[in-house]
Amino acid sequence: MIIIRKFEPADFPWVIDIERKVFNEHDPYFYMQFYETCSESFIVAEINGIIIGYIVGFLAEEGTGRIFSLAVHPAYQYRGVGSALLKEIIGIFSRAGVPAIILEVRAGNTRARRFYEKHGFHQTGVAEQYYNDGEDACLMRLKTRS
Ligand SMILES: CC(C)(COP(=O)(O)OP(=O)(O)OC[C@H]1O[C@@H](n2cnc3c(N)ncnc32)[C@H](O)[C@@H]1OP(=O)(O)O)[C@@H](O)C(=O)NCCC(=O)NCCS
Numbered sequence: 000m001i002i003i004r005k006f007e008p009a010d011f012p013w014v015i016d017i018e019r020k021v022f023n024e025h026d027p028y029f030y031m032q033f034y035e036t037c038s039e040s041f042i043v044a045e046i047n048g049i050i051i052g053y054i055v056g057f058l059a060e061e062g063t064g065r066i067f068s069l070a071v072h073p074a075y076q077y078r079g080v081g082s083a084l085l086k087e088i089i090g091i092f093s094r095a096g097v098p099a100i101i102l103e104v105r106a107g108n109t110r111a112r113r114f115y116e117k118h119g120f121h122q123t124g125v126a127e128q129y130y131n132d133g134e135d136a137c138l139m140r141l142k143t144r145s
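FYI, the numbering for the sequence shown is 0 to 145, going by numbering that gives the first Met the number 0.
Here it is in structure tokens:
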């Protein structure tokens, strides 16, 4: 059974391992910073004591909820874990009263873009050469019901 719960410091090595496997581009320091500054919106998925995915977001200055990162361990994808994590953070942000949730995703990451569209996000623009390697980012937005 998959448990969706808040991140705890003991989850840190699991989260970093997943980050390395799917992105390998974020400084681990970011994740401890997120725990210290916005632990309400740092969520993990656990199965049999193992962390298999995480999502982390924060309240942005303009009053929107912003998703920083979402990843599911490659061995556990296509089982609804990413959807469960995304729904959880949408609920957290909605209860906090934000009017919209925004995120950036690599233009070439068609699977993730389709995944977000399935969950109601739509593309609002492109940030050219947003990533260190020069790839563009698609800017996506979900209007909440709050
Ligand atoms: C994008 C990502 C988070 C999705 O996670 P996931 O756990 O595979 O997502 P889900 O299982 O909820 O949904 C994925 C697909 O599986 C399908 N699915 C969900 N549960 C299923 C089940 N029980 N059986 C079969 N298929 C299922 C969904 O319909 C969905 O279909 P789609 O590929 O047509 O969209 C994951 O692929 C990932 O970590 N990618 C690498 C990192 C990344 O790109 N992150 C996003 C950018 S920040």
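Each residue gets a CB set at the ideal place from its N, CA and C atoms; glycine is no exception.
By the C-beta criterion, the region 124-135 is judged not to be in contact with the region 74-85, since fewer than 3 inter-stretch pairs fall below 8 Å. Shown here, Gln128 sits in coil according to DSSP, grouped into three states, outside any helix or strand. Cβ-Cβ distances below 6 Å link Cys37 to Phe57 in the same chain, with the five nearest sequence neighbours on each side left out; the list follows chain order. Between the region 106-114 and the region 18-34 there are fewer than three inter-stretch CB-CB distances shorter than 8 Å, so the stretches are not counted as touching. Within the same chain, Cβ atoms closer than 6 Å to the Cβ of Lys142 are found at Ala99, the five residues on either side in sequence being excluded. Listed as beta-bridge partners of Arg113 by DSSP are no residues whatsoever. Taking a cut-off of 8 Å for Cβ pairs, the region 14-26 and the region 55-74 touch, as three or more such pairs fall below it. Burial check for Met0: the Cβ neighbour count within 10 Å stays below 16, so the residue is exposed. Cβ-Cβ distances below 8 Å link Ile17 to Ile50, Ile51, Gly52, Tyr53, Ala70, Val71 and His72 in the same chain, with the five nearest sequence neighbours on each side left out; the list follows chain order. Counting along the chain, Ser93 sits inside the alpha helix (DSSP H) bounded by residues Val80 to Arg94. Under the DSSP assignment, Tyr34 falls in the alpha helix (DSSP H) whose first and last residues are Pro27 to Cys37.
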